[in-house]
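Colleague: Going by our numbering, the first residue of the sequence shown is number 15, and it counts up by one from there. Ideal Cβ positions, reconstructed from N, Cα and C, are used throughout, including at glycine. The structure presented is a predicted model; accordingly, all values stated were derived computationally and were not measured.
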Amino acid sequence: MKIQYLNGGLANQAFQYIFVRFAELYNPQDDPWLIDDSFFFVHQAHNGYELEKVFGIKANLLSRQFDSDVWEEFIRNRQDGGSVAQTFQNMGIAVHMVAETANYTEHNPFNGPVHRIPSNEFHPEITRLPWEHIYYHGYWIHTEWFRSYQDALRLEFSFPPITESHNLQYAAHIADAFSIGVHIRRGDYVTIGWALENDYYRQSMASLASQYPDAVFFIFSDEPEWCRSHAGELGFDLPGRIVFVEGNTKGQNFRDLQLMCKCKGLLMSNSAFCFLAALLNRKLEFCVQPPTGN
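(1) In the DSSP assignment, find the alpha helix (DSSP H) that holds residue 241 and state where it starts and stops.
(2) What's the gap between the Cα of residue 311 and the Cα of residue 177?
(3) Inspect the beta-carbon positions of residue 285 and residue 230 and report whether they are closer than 8 Å.
(4) Residue 234 and residue 154 - do their beta-carbons sit closer together than 8 Å?
(5) Between residue 108 and residue 102, what straight-line distance do the alpha-carbon atoms span, to the nearest angstrom?
(6) Answer yes if the segment 240-254 comes into contact with the segment 157-175, meaning at least three C-beta pairs across the two stretches below 8 Å, and no otherwise.
(7) Taking Cβ to Cβ, would you say residue 76 is nearer than 8 Å to residue 97?
(8) Leaving aside the five residues before and after residue 74 along the sequence, list all residues of the same chain whose C-beta is less than 7 Å from its C-beta, in chain order.
(9) Using 8 Å as the Cβ pair cut-off and three pairs as the minimum, do the segment 270-285 and the segment 132-149 touch?
(10) Can a CB atom of chain D be found closer than 8 Å to the CB of residue 276?
(11) From the DSSP secondary-structure annotation, give me the bridge partner or partners of residue 113.
(12) According to DSSP, which residues form a beta bridge with residue 16?
(13) Take residue 57 as the anchor and find which of 94, 80, 30 and 191 has the nearest alpha-carbon.
(14) Can you tell me whether DSSP reads residue 256 as helix, strand or coil?
(15) Once DSSP output is grouped into helix, strand and coil, what is the label at residue 282?
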């Protein structure tokens, strides 16, 4: 039994799912992995569990493996501060945890053996560890988990057809132009100090406007009004044509991701959402990434 923790927004869920699918494709002789979706029974975060709604992915969710009364016991334990891994351990099942990040102590407290590995690195050998029961806690944001089986994975990550009139107009404009998507992540990134400096965008915009004078820049952000009010600081006064992409909120945020996947270039933020767009984009000719350390 191998289980991967699932949490966060759509992009985090996608990268955790990609890790699971890598493991299954890399080890075809093994049993299918399980995905622990208990987080979404306890927390109201972002738009909830979205892999099925957005991509139609039928993941092997842990919640679907048990009768309702048994699963309710798992959830009660989580609500009391426990974890699924610890519940199995308490049942007498010898579990090992592989943790990519130290926040397992908060998200999945566990008194069994914990094996730490470096964050955001590619270590395929961890999918072939010798223990029978392993719980994986991590986000696995690295290109190679996806690139190794990108043809198969791109088939699984299929967006629903665009039906909204405003998004159809954006999609047509992106297709007709030399389109460069610009992603600016605000929100909780500002609170935790992860938001990129305005100078990164202004310098990048200056360079791109010089290289691609006919480009149209499509601005994607969770705070478009902030971007408008800081347009000069962000370099939006440099190129000739700027389009703010708006209207995709309240569970429709994935449409921004879908539209970014249609752009020919990306000026990236440091968010998993933007990184996922770069991986899924079949039309991408180039991307500009933040400096290491941001």
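Modeller: Based on what the coordinates show:
(1) 238-243
(2) Past the edges of the chain, shown from 15 to 308, lies residue 311, and the structure says nothing about it.
(3) no
(4) no
(5) 8 Å
(6) no
(7) no
(8) 46, 47, 48 and 49
(9) no
(10) Looking at the structure shown, chain D is missing, and only one protein chain is on hand.
(11) 130 and 151
(12) 148
(13) 94
(14) strand
(15) coil
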